Amino acid sequence: MPEVYDVVVIGAGVVGTAVARLLSHHHLEVALLDAAPDIGAGTSKANTAILHTGFDATPGSLESRLVARGYALLNDYAPTVGIAIEPIGALLVAWDDEQAASLNTSAEKAVANGYRSASLI
Ligand SMILES: Cc1cc2nc3c(=O)[nH]c(=O)nc-3n(C[C@H](O)[C@H](O)[C@H](O)COP(=O)(O)OP(=O)(O)OC[C@H]3O[C@@H](n4cnc5c(N)ncnc54)[C@H](O)[C@@H]3O)c2cc1C
Numbered sequence: 001m002p003e004v005y006d007v008v009v010i011g012a013g014v015v016g017t018a019v020a021r022l023l024s025h026h027h028l029e030v031a032l033l034d035a036a037p038d039i040g041a042g043t044s045k046a047n048t049a050i051l052h053t054g055f056d057a058t059p060g061s062l063e064s065r066l067v068a069r070g071y072a073l074l075n076d077y078a079p080t081v082g083i084a085i086e087p088i089g090a091l092l093v094a095w096d097d098e099q100a101a102s103l104n105t106s107a108e109k110a111v112a113n114g115y116r117s118a119s120l121i
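Going by my numbering, 72 is the number at position 72 of the sequence shown; the sequence numbering is gapless.
Spelled out as structure tokens, the structure:
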């Protein structure tokens with residue numbers, strides 16, 4: 001292990017590990033630190049694995065742009081490193097009238113955010 005690092009990335013969730021991986025492509029000594037004993041033990045561990053959460057994000061927001069960009073990047077990246085992706089979709093269930101009334105808005109948001117496969121069933 002080197003005694004001096006060029007970059008120290010603090011936090012080994014999905015964001016920190018991705019940043020460290022990109023930096024590792026350069027001539028840099030990179031350390032990835034986490035307070036927990038393993039990587040991905042924070043919020044990343046709780047992820048539902050919905051790859052495009054476009055029904056949720058506010059159209060035009062930074063989140064909306066990053067969700068769409070991340071979706072495209074992951075679809076390109078996953079096969080190159082053997083990450084299996086099964087496009088099985090997801091069901092957003094309305095449990096009451098109020099939630100049922102918001103389904104149309106969610107479907108419209110998905111389209112506005114660039115996801116065109118969402119439909120009401
Ligand atoms: C229940 C749930 C479901 C979700 N489902 C989805 C989904 O389906 N699709 C989706 O796109 N997103 C989903 N998300 C959001 C997504 O999981 C988060 O946006 C993402 O995991 C955040 O990653 P992160 O690397 O920024 O944070 P984290 O994964 O929280 O990583 C931060 C790391 O920093 C470490 N840390 C913090 N402070 C310090 C310190 N001082 N020193 C050292 N280490 C430190 C923590 O231990 C942790 O490992 C979901 C979130 C939740 C909670």
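Glycine included, every Cβ here is placed at the ideal spot set by N, Cα and C.
Note that the coordinates shown come from a computational prediction; the quantities given were computed from them, not determined experimentally.
Three-state secondary structure (DSSP) of residue i
i: Ala31; result: strand
i: Val15; result: helix
i: Val8; result: strand
i: Tyr115; result: coil
i: Gly70; result: helix
i: Pro79; result: helix
i: Asn104; result: helix
i: Ala57; result: coil
With 16 other Cβ atoms within 10 Å as the buried cut-off, status of residue i
i: Lys45; result: exposed
i: Tyr77; result: exposed
i: Val9; result: buried
i: Ala94; result: exposed
i: Val67; result: buried
Beta carbon of residue i nearer than 9 Å to that of residue j
i: Leu32; j: Thr17; result: yes
i: Gly40; j: Val14; result: yes
i: Pro59; j: Asn113; result: yes
i: Leu107; j: Leu120; result: A small correction: the amino acid at residue 107 is Ala; Leu does not occupy that position in the sequence shown. Result yes, Cβ atoms of Ala107 and Leu120 sit closer than 9 Å.
i: Ser64; j: Gly89; result: no
Same chain, Cβ closer than 8 Å to residue i, five either side skipped, listed in chain order
i: Ala100; result: Ala94
Residues of its chain near residue i, where Cβ-Cβ distance is below 6 Å and the 5 sequence neighbours each way are ignored
i: Pro2; result: Glu29
i: Ala20; result: Val9, Val30, Leu32
i: Ser24; result: Val30
i: Tyr71; result: Leu51, His52
Residues near residue i in its chain [Cβ-Cβ closer than 7 Å; skip 5 each side]
i: Gly11; result: Asp34
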